[in-house]
Every structure is written in C-alpha cells, then in structure tokens.
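> Next up is a structure, given as structure tokens.
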Amino acid sequence: MAPKRIRARAVSDDPEDLARVPLQAVLLADSFTTRFRPITLERPKVLLPLVNLPMIEYTLAWLESAGVEEVFVFCCAHAKQVMSYLENSQWKSLPKFSVTTIESHNSISAGDALRLIYERNVIHGDFVLISGDTLSNMSLTRALQEHKERKKKDSNAIMTMVVQRSKPSPITQQSRLGTDGLFMAIDPTTKQLLYYEENTNHSKGTLSIDKMLLVDNTSITLHNDIQDCYIDICSLEVLSLFTDNFDYQHLRRHFVKGLLIDDIMGYKIFTHEIHSSYAARVDNYRGYDTISKDIIQRWTYPLVPDVLSLGNSATKLERQGMYRSSEIGQSRSAQIGPHTVIGTGTTIGSNTKITNSVVGKGCTIGSNAVIEGSYVWDNVIIEDECELRHAIVCDGVVMKSRSVLKPGVVLSFKVVIGQNFVVPPYSKVSLLKQPTKQDSDEELEYADNNSDTLDSAATGTMDKLNGDPLLEFSEMEHHVSSELGYGGVGYIWSLCEGSHEEEWRHSVAPIPAEKLAEITQVIEDDLELVSQDSNAPASSGELKPDTQINAEDDAVYFEKEVEATFLRAVNENVEVDHVILEVNSLRLSYNMQAADCAGAIFHSMMKLALDAPHSMQNELLRNVHNTVNAWQKLLKSYLPGKDEEIEVILKFEEICLESVKELSPLFTQILHLLYDKDIITEEAIEDWESEKKDADEADRVFVKQAEIFLQWLREAPEEDDEEDGE
Amino acid sequence: MPDVQTLVNELLFKLKKRKIEGSHATARQTAILLRLVISQQRIPYTHQAAALIDAVKAVGEQLVAANPVELAVGNIVRRVLHIIREEDLSLSTVAMVGLNVSAVSDDEGDTDQDDHPVLSAAAVAAASRNTLRPPSLQTLLEDLPDSAAVPHTSSSGDDSEGKSKSADKSSRSRRLKHDVIEAVNELIEDISTSHEQIAEQAVEHIHQNEVILTLGSSRTVLEFLCAAKEKKRSFRVFVAEGAPRYQGHLLAKELVARGLQTTLIADSAVFAMISRVNMVIVGAHAVMANGGVIAPVGLNMVALAAQRHAVPFVVLAGSHKLCPLYPHNPEVLLNELRSPSELLDFGEFSDCMDFGSGMGSPLLHVVNPTFDYVPPKLVSLFITDTGGHNPSYVYRLIADYYSTDDLVLQRKPAPVN
Chain W
205 MAPKRIRARA VSDDPEDLAR VPLQAVLLAD SFTTRFRPIT LERPKVLLPL
255 VNLPMIEYTL AWLESAGVEE VFVFCCAHAK QVMSYLENSQ WKSLPKFSVT
305 TIESHNSISA GDALRLIYER NVIHGDFVLI SGDTLSNMSL TRALQEHKER
355 KKKDSNAIMT MVVQRSKPSP ITQQSRLGTD GLFMAIDPTT KQLLYYEENT
405 NHSKGTLSID KMLLVDNTSI TLHNDIQDCY IDICSLEVLS LFTDNFDYQH
455 LRRHFVKGLL IDDIMGYKIF THEIHSSYAA RVDNYRGYDT ISKDIIQRWT
505 YPLVPDVLSL GNSATKLERQ GMYRSSEIGQ SRSAQIGPHT VIGTGTTIGS
555 NTKITNSVVG KGCTIGSNAV IEGSYVWDNV IIEDECELRH AIVCDGVVMK
605 SRSVLKPGVV LSFKVVIGQN FVVPPYSKVS LLKQPTKQDS DEELEYADNN
655 SDTLDSAATG TMDKLNGDPL LEFSEMEHHV SSELGYGGVG YIWSLCEGSH
705 EEEWRHSVAP IPAEKLAEIT QVIEDDLELV SQDSNAPASS GELKPDTQIN
755 AEDDAVYFEK EVEATFLRAV NENVEVDHVI LEVNSLRLSY NMQAADCAGA
805 IFHSMMKLAL DAPHSMQNEL LRNVHNTVNA WQKLLKSYLP GKDEEIEVIL
855 KFEEICLESV KELSPLFTQI LHLLYDKDII TEEAIEDWES EKKDADEADR
905 VFVKQAEIFL QWLREAPEED DEEDGE
Chain Y
13 MPDVQTLVNE LLFKLKKRKI EGSHATARQT AILLRLVISQ QRIPYTHQAA
63 ALIDAVKAVG EQLVAANPVE LAVGNIVRRV LHIIREEDLS LSTVAMVGLN
113 VSAVSDDEGD TDQDDHPVLS AAAVAAASRN TLRPPSLQTL LEDLPDSAAV
163 PHTSSSGDDS EGKSKSADKS SRSRRLKHDV IEAVNELIED ISTSHEQIAE
213 QAVEHIHQNE VILTLGSSRT VLEFLCAAKE KKRSFRVFVA EGAPRYQGHL
263 LAKELVARGL QTTLIADSAV FAMISRVNMV IVGAHAVMAN GGVIAPVGLN
313 MVALAAQRHA VPFVVLAGSH KLCPLYPHNP EVLLNELRSP SELLDFGEFS
363 DCMDFGSGMG SPLLHVVNPT FDYVPPKLVS LFITDTGGHN PSYVYRLIAD
413 YYSTDDLVLQ RKPAPVN
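Residue numbers (our numbering), protein chains in the order written: chain W, 205 to 930; chain Y, 13 to 429.
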C-alpha cells in the first residue's frame, strides 16, 4: 500500500498526469437500508439474484464495459460473503480490471463508507460512485468527458449525477421502481442541479422552492419525470467533503441537499441525462420486479441472461422472450408462458403453468402447480398443486403440496410452508424472528457483521431478543404448527406499524384494484381541494389563474370568496383598508365590476348580522345596524356612483326574496338605515323605484312595502332645504 | 510475450460482451488469435497435426460459444483446421514421395503413416499427380493455377530431400507449423482484402445508367459501388435507411462524399420504388451452406419485393462469411435480439411499462431482432472474392474451404490429454 500512496501523491500533484490516472470506481456493496428484510438478514443485498445472477454481477459487468479499471468494493453487512463471492468470481482474473475489497464493520451509512475510503487514500482522481444494486448499460465516455470539461472550467463542479427520464405513474405518484416521486430543478442550459427533493408526502400536492433560485437563475426547469439513476461521477473533493462534514450520512438526503443549500463553498452538482441507455437501481421489491422484467425485455442489453450466463449454464432465448438454460427437465404438458426464465437443472412437472416468472437453478416443481409473476430462486422445492402469485421465494424453500402464496409474499431462505397452508398477502416469512427493537437510526442494514452464517445470525438475533436461545427455540417449535401450517418452519413477520401503507407500494405484486380505486379517489379529492384552494380567500394577495368556469359559476364563487374574506376580516379584526385591498384583488382576478363587489359585500354583511344571535326582529335590526355601522366604510368604497347603489338595493331585494326570508319584513327599516348612513343616496332609491314601476306585481313587493319610506323621501328634500334654510 | 490464455480470454470476453461485432472484425481477430495459438503450441514428435488441431479446436469451441451469432468466428476456426489438415497432408505426401524416391524403408515412414490415418489412397494418388490437394471443382472448372501453395510446398519438399535424415524430424515439425502459419497469414490477408477482391468485379455487374438499391450499410457494398464509379460508370443508388439503426444514413453520406448520385428512402418505401430498380445489391452477415443468407433485418422484405418485380437480388459476401452449417430455425437460433432502446426512447415509454398497476405483466413488448433469414430461392447471385456464384453452388464452394471433419466443433468425447 505504501508505494502506491507515494505514487498517488506524485500523480495528484501534477495535473498533466491526472488524465492518465486509471478510471476508478467505488462500489458500495451495502445499501444501508432495511427494505429487503428479512432476506438481507441472511445474505447481503448485492448477492441476491436478479434474473438468476447476483446483482453485483450486473454492476461489475457494466463498470468493466464502461472502461473502469479499478473498482473498490466496500463491504459492510455480510462482508465475508461478499468477499468470498468476489474471490471466486471471474472478475478477479481479468486483466486491466482490478477489484479490491474494503471491509468495514462499523459503517452504518454511505457517508461512513466514503469517509473510510478517504482515509485509505486509494482514490486519486475522478471516480464513479455506484451502489452494488444498480445496473446500467450506459456509456460513461460522454458523461466523464462533460464532467472533466466542467471541472476544468469551474473547479467547484465536483459531481455529475446521471439521471433518466421516466414518467411517474399518474395514479400513484410513484415511479415504476416503487420509489417516491422525485422533484428536481435543473438549469436547462448548464444542466446544473438546483433543487432535489424526494417527495415523501404523497398527499401533499405542493412544492416550495426557495425564491432565491428564481432570482439567481434566468431559467430553471422543474421535473417530476426524472429518475435518479444513483450513478455519480465524483471528483476527489466529494470524499473530503464527507470527511469535513461528519454528519453527512445519506448520499442524497444529506450530501446532495447539503451541497445545494450551502452556498458558502459554492460547490455545484450537474446532471447528465441518458436517453436510450438504461440505468436503474433496485431500491425495493417493486423495483426488483420491474427491473427483472426490463432485463427480460432486453432493455439492459447486453446485460441480458443469454449473454451474461456464467460458465456452462448457457441460457438460450427462444420465441416470445422465453429464456431456458440447458438440462431442464420439463414435462410435456407443462406450460411455460412468455417472458419466463428457467435456470439450469430445474425440473417441472406435468400441467404446471409458469408465466412471467423467473425460476432459478436446480428447482423441483411438482405437477399442477401455478407460478405467476413470481421469483423463485435456487434449489427450491415446490410440490404438487402449489400456487404462487407475485411472490419472492428464496433459496432452499420447501413448499409442501397445495400450499398457496398470495400476492406480495416474501419467503426467506429455507422456510418450509406446510401442506394446504395459505400465506396471507404481503407477509414476510423468515427462519429468523423479527427483531422487536428497531434501531433508532431509521436506515440500518442488519449490523451484526460477525454472524455471516444462518445459524449464528439466528442465535445472534435471538440472543439479542431474549438472551436464552433454548427458550427461543422451544418457542419456535411451538410456532411451527401454528404459523405456517403442519410441518412448516419459520416465522411470519408482523407488519410494522406505519409501514403497513408501504407494503403494497413496495411489494412485487401489482397494486390491487381496490387500492388503485382508493388512490384515484384520493387524487380526485385532492384535485377538488386544489380547485377549492384556488377559490379560497387569497390570503397572500397573489393572483389566481383564470379559471375556465363559466361566468355564472364565477359570480357564485366570487360571492363566496368575498364572503369568506369578509368573515375572516371580522373574526381577525383586519383593518378595513386591507379588506378593501383583498376584495380588489379578488375583483381583478374574477374580472368583476365594483357593483358586484358591493353586492357581495352587502350580502356578506347581512349574513353576518343574521348569524349574530337574535330572537326578535328588533334584535336583528340592531345587529344589522351594528354591522352597517362597523363596515360602512368598506361598503362605501365600492359605491362610487348611483348605478352601484341601485345594484345594492337590487341585491338586497334578492336576498330578502330568496335566501333570507327573515330580513324581508325589515326591508324598509334597513333601507332607511342605509339612507341615513349616506350609503345609498336619494337618487338611487328614486331610480330604483322608477325602474321597478313597469315590473310585475311580484317584483314590486318591496316597492310597496317601502311605499311610506319613499313617500317620506319625496317630501324630505323640502324639509332638508327648509332645515338648510333655517 | 503475452500469455496465450489471457489473450484468448480477452477475445472471449469481448465476444461475450458484444464489444466486437460484425463478421469482418470477428473473423480477423479470430484468425490472428488462432495464429498465435498455433505458434505458441508446443509440438510433440508424433501426432503433430493432431496436437495442433486439438489446440485450435479447444480455443475455437470457446470462441464459438462466446457469441454463437457471430458465425464468422466458427468459419475461421474451421478454415484454420482445414489449413492444418491440408498442410499436413501435403507434407506427408511429399515425405512419402521422397521416401519412395530414395527407396528407404525405415521406421519413420511407418510412424508417419500411423500418424495420419486419414491418408487415403486417393491422397497418395493425388500426391503422385503432384497436385498435392484434392482436386477442387474450382481448379477443374476455371483452370486457375492453385496459388502459391503448390510451388511453395513442393520447393520445401525439395529442401527436405536435400536434408539429412536425422534433422528431418525436427525440421518437419517446424515446417508444419511454419507452413500452417504461412497459410493462416494468407487467410488473414484474404479477409482484409476481401473488399477489394469483391469490388474488382463491380464493373461486370453494374452497367451504365442503372439504378441500384441497397439497404442499411455494408462496407463491402460501399467499396463495390465506389469501384464501379471509379471505372467511370454512371449510375444511381437508392439507399433504404435500414431501421432501427439507420445505418443507411451513413452509407448515403459516404456515397455522396464519393460523388455518387444517391437517393435515401424509408424501408417501407422499398416496394414502391423497386419497379424502378435494375438491381439490388446488399451485404450479408453470413451465407449458409444451402445458399440461404443471414442478413441485416429488413432484407427478406427487400428480397421478396425484388422477386415480385424480377429484379436481380445480388449478395456480396467475403469468403469468411461462408458458413458450412445448414440453417435450422434461423429466425430464432441464428438471431440476436438487441435492446429495444434502438426502437424507442425508454423515458418516453416508461409509463407503458409500469408493472405496479394492472395485471403485473407488461402490455408493451418491443422486439428488435438483428437479422433476417433470406431463403436461397430469393437470391439471384452471390459475389464472393472468388467470383460470382449461384446459391445452388454454395455447398460446393464450402467443400473447397472446409473439411467435413470439422463441421462439428464441439468435442463431445473430449479426447487427448
């Protein structure tokens, strides 16, 4: 190691030589999550088979073909398994491609891993950062070149993220891979990443962006149709940044976001979008399912089963996307459907139906079984008349005859399912008992690194739980018959609270119809909410977009909004001027006249008066009186002329006739009140009267009622004059 | 000196990961690798040819398995095996002749005969006729002098006669290797010059003011057309773009750069245009023993269109593309399904491949086969580096290049060592 380090120093000191440094990659052979539990309790995620090949094979094959020469595999959970696998793999013997393992026992996050790698001082230049569950067939040349050029121009451009366009499902707001929606803001010209948000809250339909983003950049594009491939091209600074900020744990949540928020150092992250190539990361069971199907459909070419198949187990692609290895014992009456992969040495009994599934090596499948959309790993025994739908079945599982796996079931290693037993949907079954106390840190892969074998892991877990393995075992025996039917071995893990919701999101099973219906309902409600929102009082005073609703609806909505604004103003003691402002903005957005405003406000005032407690007509009148007193300024500001005043009277009529019958007896009094308050002028009332002259009898009800008042009014001017004269 | 095994592994890896593709490149690389294998192979005193054959077969078997679709690899392996057998035969007959002349009946002659049980009476007769090779139809028909090999081997035979008996054995082993390597060099030379050899015949086939149609891009076709152009023929070329890889675009560009009148059409317009075409000239991926052609996808359609309008369908193929196998289920077994991303952009269609909702099975399948199989009855003429041939003549051509013992490369009984 020592001489290497010296050379490294020399190399990094001389920028000329930097170009000649072999391309390096850091492969994190640990996802630091618990998504694949219980399987990952016994085997590291990177060694789980994806279409009959360990995931890490795909990653290494891609790194090799992309021109990476040195790979540092960081092993943490089950490090021994990963290392021994790599030791015996083809990758160790390849020229111009070196695979070095770095072992750690106490790293609990990607951040820790990168800090350790920095300490080791093995990375000398730009490197590719990837986790062992990512597969791709993209060419790195372009992305690397772009990265280098940017770095030359701007030493702060330290990272290039590979992204891919992928439309989120319109219904569930989650991507094909089962990950949550992702929002990114990207500068369309420079491709700089400006904002990164994993939208964890499904119901929340809003997204808030720092307005400084808009200030600083002339143009940004917001994407929710971009998928993060989790392939990063990093400069050396990334490692030192992790070391400097020892609280960075998660690559995206802490590091990327931290860098985007922190503008002191001014480090920049850029994106590289791939179009025709494929890149995706197995994040959860749904991603596992989707990516398996993509592989079978050959999107990952040349990383497809018939090309990658190891050693002598040559897989051949037959018609309709059927991959079959050599030495398969298949009954004549067995039906193997399209898009199915069958591994070497598997035997299939008569009348068995297999569709859209992957079956591993050395499995024994009885007759009359049904396997649909499932992933059966190696050396599984499935007896007669079993049914598997959308399930994952790990190595060495035994399914006794007529047992049934409902959609979404995961059977971990060597579980035995008893005869006739039906495993309920989404259940996870393991030989290990579910750890009851969760670590406080949310994302820890099972940290018991010393227990690589099943047994020690089992006892280890049990020790942790109870301290007495024997007792535990007896309990297990007890569980045998009760949990998994007669002769069954294993525990059904109870679903953790809170994650119940997640089960169907992340399982291999397609989302059930009722869930889909539920989500659609929720979305419709959301939409309604949104549209209501836009009609709700514009508290921030912003302009609402023109709605497409027709004018009549508009008027109704407008009235409602004004009312809401008014009520809020009353309740919160908002100053009259502010209310005027708000109503004005509403008026503009709804394209209304001052008359409409006046009508609406008057309506609101009457409502307010009515809502106040009253038993007698007198009290009601007093309420009205108070309200008008309090808000006359508001009303007046919308009554610049006679026409508006007439409108108010007409409105008042309407209110009395249609909505609030209670007010009709008080019509004259209130009209008088308004006149007294100088809200409505004499001319307006006279005009109103003359307008009504030709109307129907029905319409003239209030004119008649107000006859005395009108009479008085006609005589009043003289009085006024007289008074004035006096 | 690089280790042979690592080089073999490297080529295996490249073939497997589809890093080298195309019959020309793979054929060349295979021949170069096999030459190295032969030169590095230590030859025992006895069973020299058998040792070489085994070494080549062992490597060849792996190479063929690495990418069974690249038939050229298997062709070259068989060609090299054939060369070894031929050279061995010629040497032993020379030795026999020499022995007969000197009339010495010591044990060496016996061992030689033990070594080569394949040595038949016919071969001895051939040797006595001094042709040193079994008479090929080509030599009989075209009366071509059997190039270089004859004078070369016979002269070396003369040398051997001059040498002392004790040196004979070692020099013979060295000579076998030497001769084989010489012949493989010739083979490599042939592969790299096959374009020119074929292009030389262009003027015989392309006439003034003709309209030629081709699909996709093939270097052989490009050279062929340009050779005719250089000979002052004026003609027009229709290029079908060759979806989904659109290599026809590149070909059109090249042709225009060389001053040829070119029209680019969509693949789907072939039938509409074929009536105006005088001749279809295309390249091939491989020519099978029955005269059928494994060709870039779309050519079967072109061939059918050409037949409908009685337009000659001419296939250009270097001799390394001649495959001694008969096609069995060629659409599936001799085909490669490439990535669907060549047809459509993954991002744009990712919502069609959401398995989360619905039945969990994809409704959209994208199939992208690389090759078409064109049956022999649709082909009018093959132009190889040795001249023009009928599809029905291909089997005979193949008999010239390959020995029947090598048709099956898989060594089932796993003999030797």
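For every residue, glycine included, the Cβ atom is placed at its ideal position computed from N, Cα and C.
Could you compute how far the alpha carbon of TYR452 of chain W sits from the alpha carbon of ALA317 of chain W?
11 Å
> Should the region 294 to 308 of chain Y be regarded as contacting the region 226 to 236 of chain Y, the criterion being three or more beta carbon pairs within less than 8 Å?
yes
> Check GLN396 of chain W in the structure and name its three-state DSSP category.
strand
> Expressed to the nearest angstrom, what Euclidean distance is found between the alpha-carbon atoms of ARG528 of chain W and ILE585 of chain W?
19 Å
> Would you mind telling me which residues of chain Y sit closer than 7 Å to LYS371 of chain W, beta carbon to beta carbon, in chain order?
SER362, ASP363
> For GLN213 of chain Y, count neighbouring C-beta atoms within 10 Å of its own C-beta (all shown protein chains included) and say buried if the count is 16 or more, exposed if not.
Per the 10 Å Cβ criterion, buried.
> Give a yes or no on whether 8 Å exceeds the smallest Cβ distance from ASP384 of chain Y to chain W.
no
> What span of residues does the alpha helix (DSSP H) with GLN60 of chain Y cover, start to end?
60 to 78
> For LYS355 of chain W, I'd like the list of residues in its chain whose CB is within less than 8 Å of its CB, leaving aside the five on either flank, ordered along the chain.
ASP330, ALA361, ILE362, SER439
> On the DSSP letters alone, give me the boundaries of the alpha helix (DSSP H) that HIS829 of chain W sits inside.
821 to 841
> Could you tell me the alpha carbon to alpha carbon distance between VAL367 of chain W and GLY303 of chain Y, rounded to whole angstroms?
One C-alpha to the other measures close to 48 Å.
> In chain W, what lies closer than 8 Å to GLU22 of chain Y by C-beta?
Neighbours of GLU22 of chain Y on chain W, chain order: PRO299.
> Taking 8 Å as the CB-CB cut-off, is GLY359 of chain Y touching chain W?
Between GLY359 of chain Y and chain W, the shortest Cβ-Cβ separation is below 8 Å.
> At a CB-CB cut-off below 8 Å, which residues of chain W make contact with LYS241 of chain Y?
Listed along chain W is no residue with a C-beta nearer than 8 Å to that of LYS241 of chain Y; the closest approach is about 35 Å.
> Determine whether the Cβ of ASP391 of chain W lies closer than 8 Å to any Cβ atom of chain Y.
no
> Could you check where the beta strand (DSSP E) with PRO308 of chain Y kicks off and where it finishes?
305 to 308
> Please report whether the beta-carbon of TRP503 of chain W lies at a distance below 8 Å from any beta-carbon of chain Y.
yes
> With DSSP as the reference, please indicate the residues paired to TYR385 of chain Y in a beta bridge.
Y:ILE306
> Report the CB separation of PHE446 of chain W from LEU411 of chain W in whole angstroms; it is logged as a contact under 8 Å.
The C-beta separation of PHE446 of chain W from LEU411 of chain W comes to about 28 Å, leaving the pair out of contact by the 8 Å criterion.
> Quick one: which chain W residues come within Cβ less than 9 Å of HIS377 of chain Y?
Ordered by position in chain W, the residues that pass the 9 Å Cβ test against HIS377 of chain Y are GLN501, GLN524, GLY525, PRO542, HIS543.
> Under 6 Å Cβ to Cβ from CYS335 of chain Y, same chain only, skipping five residues before and after it: list those, please.
LEU83, ASN87, ALA298, MET300
> Counting beta carbon pairs with one atom in the region 879 to 895 of chain W and one in the region 843 to 850 of chain W, are three or more of them shorter than 8 Å?
yes
> With a threshold of 8 Å between beta-carbons, can SER353 of chain Y be considered close to chain W, or not?
Taking 8 Å as the threshold, the shortest C-beta distance from SER353 of chain Y to chain W falls below it.
> Could you tell me the boundaries of the alpha helix (DSSP H) in which MET300 of chain Y lies?
Counting along the chain, MET300 of chain Y sits inside no alpha helix (DSSP H), nor does DSSP assign it H or E at all.
> In whole angstroms, what is the alpha-carbon distance linking ALA322 of chain Y and VAL249 of chain Y?
18 Å
> Note down, in chain order, every chain W residue with its Cβ under 8 Å from the Cβ of THR18 of chain Y.
At a beta-carbon threshold of 8 Å, the residues of chain W lying near THR18 of chain Y are PRO299, ordered along the chain.
> How many whole angstroms separate the CB atoms of THR338 of chain W and ARG523 of chain W, which I take to be in contact at a CB cut-off of 8 Å?
The C-beta distance from THR338 of chain W to ARG523 of chain W rounds to 31 Å, too long to meet the 8 Å contact threshold.
> Between the region 776 to 784 of chain W and the region 816 to 833 of chain W, are three or more C-beta pairs nearer than 8 Å?
no
> The alpha helix (DSSP H) with ILE50 of chain Y in it runs from where to where?
35 to 52
> Contact defined as beta carbons within less than 8 Å: I believe LEU790 of chain W pairs with GLU767 of chain W. What is the distance between those atoms, to the nearest angstrom?
At roughly 11 Å, the Cβ-Cβ gap does not stay under 8 Å, so LEU790 of chain W and GLU767 of chain W are not in contact.
> Would you tell me roughly how many angstroms separate the C-alpha atoms of ASP498 of chain W and THR504 of chain W, rounded to the nearest one?
7 Å
> On a CA-only basis, which of Y:LEU93, Y:THR42, Y:ALA62 is nearest THR416 of chain Y? Give me that one, please.
Y:LEU93
> Nearest chain W C-beta to ARG257 of chain Y closer than 8 Å, yes or no?
no
> Using CA atoms only, rank isn't needed, just tell me which of W:THR568, W:THR238, W:MET469 is closest to TYR489 of chain W.
W:THR238
> Between which residues of its own chain and GLN228 of chain W is the CB-CB distance below 6 Å, once the five residues before and five after are set aside?
GLU274, ILE327, PHE331
> Is the Cβ of ARG8 of chain Y closer than 8 Å to any Cβ of chain W?
Residue numbering for chain Y in the displayed model covers 13 to 429; residue 8 of chain Y lies beyond these limits and cannot be assessed.
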